[in-house]
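For the sequence shown, counting from 1, position 24 maps to 24 in full-length UniProt numbering; every step adds exactly one.
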Amino acid sequence: MAFKRNADKIKQAMAESAESVVEQSTPVETAEKTATESKKPVPRRRRSIGDVTQAQNIRVWRETHAKINFIAKTLLNRKIYEVVDEMVDYFVAHKLTGEQKETFNQLFKK
């Protein structure tokens, strides 16, 4: 019953959707467009610490922000094993007691 009352509207909607399908591009045209678009380098904007803190609603002191920036710039082109090696050397030199240093040196002779 409802179909009979709305038959004209349904036919019109189907005709409009058929016209829009005809106007759409073919898969080959779409593939060609994406192939040419993918050749262009997409500029990526690097997220700064300020962007991250604003997005996460985190408050960071200026001094802490400056320290984080300094560390990030220092470690930018460094290999991770070099950084870890320096951290271990610093920890052994400044944080361990004499007995702990001896034990460390016995385990890992230099």
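Even glycine gets a Cβ: it sits at the ideal position worked out from N, Cα and C.
Bear in mind that the values here come from a model prediction, so they are computed numbers and not experimental data.
For the pair leucine 96 and phenylalanine 104, the CB atoms are nearer than the 8 Å cut-off. Bounds of any alpha helix (DSSP H) do not take in leucine 75, whose DSSP letter is neither H nor E. By the CB criterion at 8 Å, leucine 75 and valine 83 fall inside the cutoff. Where isoleucine 80 is concerned, the enclosing alpha helix (DSSP H) starts and stops at 80-95. Looking at Ile71, Gly98 and Glu99, the one whose alpha-carbon comes closest to that of methionine 87 is Ile71.
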